[in-house]
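Taking it in order: structure first as structure tokens, then the write-up.
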Amino acid sequence: MEKLGELAHPALRKTLANKPTVETRRRIEQVLETTELENTTPAQRQALRAVGVLERIGTADAQRVLKSLAMGATEARFTQEAKAALQRLDKHHDGR
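Under the numbering used here, the residues of the sequence shown are numbered 10 to 105, in order.
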């Protein structure tokens, strides 16, 4: 999967949306992170990791920050990642 790089991302994200086992989720997230970070600058990697941390925190405050970040430039990867994190959090909370 790592060799496919970004070509595999849609399928991997779809698998994550279907709530796989913890081990499968961990492996998919590792592949996504590895392939996503290969073509970024250190500052971009730091910003993307911050989005991931906010998602993992998942509190109301963290979600407010993610919502603010999601209002950035529509095509910006950082904005898209913030939006995706919010969607995953919404799905996670809806599934409870």
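Even glycine gets a Cβ: it sits at the ideal position worked out from N, Cα and C.
- A direct Cα-Cα distance of roughly 16 Å separates Arg73 from Leu57.
- Counting only runs of at least 4 residues, the segment 55-100 fully encloses the following alpha helix (DSSP H) elements, listed from N- to C-terminal order: 69-78.
- Taking C-beta separations shorter than 8 Å and ignoring five residues to either side along the sequence, the partners of Arg22 in its chain run Leu41, Ala93, following chain order.
- No Cβ-Cβ contact shorter than 8 Å links Ala79 with Thr68.
- A straight line joining the alpha-carbon of Ala71 with that of Ala91 spans about 11 Å.
- For Lys28, there is no enclosing alpha helix (DSSP H), as DSSP gives it neither H nor E.
- Comparing alpha carbon positions, the residue from Ala52, Leu75, Thr50 closest to Val62 is Leu75.
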